[in-house]
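Here is the structure we will look at, set down as structure tokens.
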Amino acid sequence: MRPLPPQTAALRSAELVGRQAEMDRVAAVLAAARAGRGGALVVTGEPGAGKTRLAAEALAAATAAGLATARGGISAVSPPVPYRPLIEALLSLTRTAPLPSPAALGPYARVLAALLPSLDLRQEPAPPREGPAAEWDTLPGAGPRGVPGAVPEAVRRVRPDGGRGAGADAPREEAAELGGLDGPLLVGEAVLRVLAEAGRRRRGCLVVLDDLHDADLRTLAVVEYLLDNLADQPVAVLLTTGLLAGPAADLSARACQRGTAAGVDLAPLRTPDVRRLVAAESGVAPTEVEAALLDRVLATGSGNPFLIRELTREAVSPAARGRCTGAVPPAVASSVARRVDRLPAGGREVLGLAALFGCRFPLPVLRRTAGRGGHDVAAVLRAATSSYLLEPDPEQPDWYAFRHPLAARAVRDALAPAERTGRARQAAAVLAELHPGLPGEWCARAAELCAHAGDTTEAARLSCEAGRRALAEGTVERAVALLSAAHRPAGAGTPTALRATVLELLLYAAGCAARFDLLPELTDGVAALDGQGLPPGRRAALWAALAELTALAGRPAEALHQLDVARRLLGESPAAGDAAAVEAAAARVEPHRLAPDRLRTAEHAARRALVAARSAGAPQTECRALVQLGRLTAHAGDPAAAGHLLTACALAREHRLPAERVTAELALALDTARHDGDWAAVEAARREALHIGVLPPAYEAGFALALEEIRRGDFSAAGDRIAAASRDRLGRALPLLHLADAVRHAHLGRRAALTEALDRLAPLMAETPGVRAMAYGLARAHCSLLEEERATAEQELAQAVAYDMENPAAVDIGRHGLVLLLGALAGRVGPQHCARPADTGDRWHRPFADLAHAVLLGREGRTAEASAAARAALTAAAPYPPARHLALRLVAPAAYDDGWGDPVTWLREAEEHFHAAGIPAVAAACRGLLRGMGAQVRQRRTGIEGVPAALRRHGVTVREFEVARLLAARIGNKDIAGRLHISPRTVEKHVASLLRKTGHPDRAAFASAADFPR
């Protein structure tokens, strides 16, 4: 195999990502050329899309397949030369193989000599011609598609004896002759013969002509001739060109229309391919790409491979230390600068002014500020569009946009400081004049201009106002960006009151958007206002808002400290508005305090906030207090909870508070779903919250939805939801994610996976009140029940109740469900424990409580009432198959003993479910109970794969292995019989068989030698 040319090897130094479909088309064209069927591909795309890189890969593929290769392109630095790409391609061909002999080229040797005067292409004298029909008089290829035609006079003067004519200027004269009307046709035929001969010598030939959009018209005419005459030649042609209108685009369109070439458009890379490319440039696996780096590359790279590579290289450079610096990579800046330099006169000034507006800019303001005629500005914009710097905004007439954010930044960074300041000040004045009051997005545009002009106070004021409007419109992420822009440049010269206003709004917006990465600078900002003459009440409100954001971030100890600072600043006689702000924050922070009365304390704070907010006329704070009060009272089963949430919804709509509205609607939907099972409304409300950017309540609703999917037995959907949530900015919702994963594994009976999930949760438990109780009640105890370890499950539920009393959980941990049923079965719970309001607990726990009541009725001899209560409970449990079948297994023995219900049918149904679910312990228990009731039992012979290979070789059966596991734990025969629901005599037979098959003298030796999971 021939080595690649150095230039091609350099271009291929990195992995080609996201272009497999395009390379498949290249491979097809190369295969056709090897078979003698020529073809062509026209590769189009914007600068940086990878046209040149794809061409390099095509050359490499051709070289690997044994084809001859040639490559030519346009010089970016030298003056234009006619036929430059073709000459370069022919010269590159000579580096690996000689050109065809003059005899093989015939009369076209002289045409080639005119193209390549430095090469010796002279031929021996030819025999004299005998008539006008000789070959020299009719040249194949003189007409379209090789139709013989009259020899042009320009070529007729090229003597066949190899003479160059008189004088040293003959080569130049011949080259000039090729510029005539017939020159491109003759050059085309000469080049085609060279390429065809190279293809016949090798296994085909590939010629690449790069950047055809910059080629001269004669070169394009030759290319068209080549495309028209490739069909029966062993030659493949690959052309690269830009997307915009021009002669090259016209040629490409005609060729594709006639079928002489096929188009390949390089679209932007998709997100998975962007991740792969970032990983390749970073030297890591795709799964190890940092989220912040990927987000920045996706936002600013626009799927362009060149931009993606340069952004990644800049981020992983030693100077950046793995951080996204925000700087324009030097290679990108150079590329933009070269295109700007080619614009018409005044182009740099016009484009620099446009860049001051950001990525998008309004044409009327640009014309007014530029001080140039409309025709001059239009000419610059047309040229910038042709250079892929700009594009018309498809959504708004009279607006343009930079094709890539980096281009706008590069143009802006190239402005001299004085020029940037003066033009920005001038543009801001024009903008204010044309749009009084700066409505809509003009406010944000004016803020950017003021920032460029160095007026930080006015920039902060305008950005603050734009952020306030964004919050009112329900675009939270935009509000965060605007308010961050207002906060960062605000220094000592900015009025303290304005700095405080910016911080208030930014703290609120950051909490809505879960932007916990802003906490350090926001903490510094709040602390910096101490001693700046701000009233204590307002400082208290700021510290309270900071405490709320810190709590959302999952740092409760810091949050409680900040709340204490706020309360100290508030004093004894605060203004109603300040008191409302602090108490509303306290209602959200106090639930994070590790104390038995934390929820009651938070409820009292919410009630105080509500009173103060109404007194101060602060609807936003009133709404937040109502939402928190509704959540807290809903947990306590207070029927007034829904009323609080409905009032909050109405208030938020009235005062146009979108974040408060979706939060209230989501809380109301959750409260309703827990009682009537309408979880579709929760999902709809969650999606709306995500849409406008109110993330923390949406994440917490995601936990509730995952829990519901687990309880309904849709473990796959729950797993997908948990996996998707792991990529979010979760903050305090992170423990809930790990808890949901633990509950999912518990309901599947996967003890090892449950343990791993709880290990991930363990470091977060200490500062997350209620989660420890939920881990015991919702996960550990359930898994133990599926392992037929009822005593262990009861201990874990008791532990859950104890933890819940220390730090109450936000959901029922089983106190109103499984705890009652297991207590009734064990005789610890009486009728007084089951006398509860109908709406206590959520819908999943309720059937367990109702079955506990049925057990007590049956024990009292009220069998008909017990059966009716059981039927109602099992009907209510229908949406939850795992829980329903577990309940059937649990209550069947009591129903059989006391003579109520249909225990045999129940056990058969439960056995079928747990066998299909792969939970053998419960399925085996059901079969044992059925045998004890004298019912016929279906034999299950599956499960032998669960027996260790060493025991299978001894002939140990599935049932014997179940006994072996308990025997290895040194459990006596009577207890083994109880756990497996078989007789002690049957256990003795299995033990004797195990000892005989394995060769152990006694059960102690067997237990000592056991090396399988117990």
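Count along the sequence shown starting at 1, add 50, and that's the number in this note's numbering. All residues carry an ideal CB built from backbone N, CA and C; glycine is no exception. All figures in this text were calculated on a predicted structure; none of them were measured in a lab.
Of the residues the options, the one placed nearest residue i, counting alpha carbons only
| i | options | result |
| --- | --- | --- |
| ASP1061 | ARG1015, THR269 and THR350 | ARG1015 |
| VAL257 | ALA311, ALA105 and PRO318 | ALA105 |
| ALA311 | LEU784, VAL76, SER1033 and MET824 | VAL76 |
| LEU811 | HIS797, ALA829 and GLY799 | ALA829 |
| LEU695 | ASP688, GLY680 and ARG703 | GLY680 |
| GLU72 | LEU259, THR290 and LEU532 | THR290 |
| ARG470 | ALA960, LEU401, GLY86 and ARG417 | LEU401 |
| GLU910 | HIS935, TYR930 and GLY880 | GLY880 |
| GLY1022 | ALA999, SER1043, ALA1054 and ARG1002 | ALA1054 |
| HIS963 | ASP948, ALA281 and PRO932 | PRO932 |
| VAL386 | ALA607, GLN849, ALA458 and ALA796 | ALA458 |
| THR805 | THR818, TYR826 and CYS562 | TYR826 |
| LEU440 | GLY421, CYS409 and HIS425 | CYS409 |
| VAL851 | ALA841, ARG840 and HIS866 | HIS866 |
| PRO929 | ILE760, VAL92 and ARG1046 | ILE760 |
Euclidean distance between Cα positions of residue i and residue j
| i | j | result |
| --- | --- | --- |
| GLU844 | MET815 | 22 Å |
| SER834 | LEU707 | 47 Å |
| GLN612 | ALA594 | 7 Å |
| GLU203 | GLY88 | Residue confidence for GLU203 is low, a pLDDT of 38 falling below 50, so the modelled location carries little weight and cannot support an answer. |
| VAL615 | CYS500 | 36 Å |
| ARG638 | GLN678 | 7 Å |
| ARG703 | ARG711 | 6 Å |
| PRO943 | LEU901 | 13 Å |
| ASP580 | GLY543 | 16 Å |
| ALA433 | LEU393 | 6 Å |
| ALA746 | LEU755 | Position check: residue 746 holds Pro in this sequence, whereas Ala was assumed. Cα to Cα, PRO746 sits roughly 14 Å from LEU755. |
| GLY86 | PRO167 | 31 Å |
| GLY95 | ALA317 | 7 Å |
| HIS903 | LEU872 | 11 Å |
| ARG737 | GLU523 | 17 Å |
| ALA226 | GLY233 | Because the pLDDT at ALA226 is just 45, under 50, the model does not fix this residue reliably, and the value given afterwards should be weighed accordingly. Each residue's Cα considered, the two are about 9 Å apart. |
| CYS699 | PRO641 | 23 Å |
| VAL427 | ALA723 | 60 Å |
| LEU189 | LEU242 | Note that LEU189 scores a pLDDT of 38, beneath 50, so its modelled location is shaky; the value from the coordinates is reported in the next line. Taking the straight line from one Cα to the other gives about 14 Å. |
| ARG308 | LEU357 | 35 Å |
| VAL430 | ASP391 | 11 Å |
| GLY68 | ASP323 | 5 Å |
Whole-number beta carbon distance between residue j and residue i, since they are thought to touch under 8 Å
| i | j | result |
| --- | --- | --- |
| LEU740 | ALA748 | 5 Å |
| ARG939 | LEU924 | That belief does not hold up - the Cβ atoms of ARG939 and LEU924 are roughly 12 Å apart, past 8 Å. |
| ALA767 | ARG794 | In fact, because the Cβ distance is near 10 Å, the residues do not count as touching under 8 Å. |
| LEU512 | ALA496 | 5 Å |
| GLY587 | ALA636 | At roughly 15 Å, the Cβ-Cβ gap does not stay under 8 Å, so GLY587 and ALA636 are not in contact. |
| ALA114 | ARG251 | Wrong, their Cβ atoms sit about 18 Å apart, outside the cutoff. |
| LEU301 | GLY353 | About 27 Å separates the two Cβ atoms, so there is no contact after all. |
For residue i, the residue or residues it bridges with in DSSP
| i | result |
| --- | --- |
| PHE1056 | DSSP lists no partner for PHE1056. |
| GLY984 | Beta-bridge pairing links GLY984 to no other residue. |
| THR362 | Looking at the DSSP assignment, THR362 forms no beta bridge with any residue, so it has no partner. |
| CYS255 | ALA118 and VAL285 |
| PHE411 | TYR450 |
| VAL92 | LEU289 and GLY313 |
| PRO442 | TYR450 |
Beta-carbon proximity of residue i to residue j, cut-off 8 Å
| i | j | result |
| --- | --- | --- |
| ALA591 | VAL632 | yes |
| VAL732 | PRO785 | no |
| LEU569 | LEU599 | yes |
| ALA656 | LEU619 | no |
| GLU961 | ARG977 | yes |
| ALA269 | TYR133 | For clarity, residue 269 is Thr in the given sequence; the question names Ala instead. Against a cut-off of 8 Å, the Cβ pair of TYR133 and THR269 comes out as a contact. |
| GLY799 | LEU836 | yes |
| ALA601 | ARG462 | no |
| VAL244 | LEU262 | no |
| ALA630 | THR671 | yes |
| ALA823 | ALA859 | yes |
Cutoff 8 Å: residue i Cβ touching any chain D Cβ
| i | result |
| --- | --- |
| GLU571 | Of the protein chains in the structure, only one exists, and it is not chain D. |
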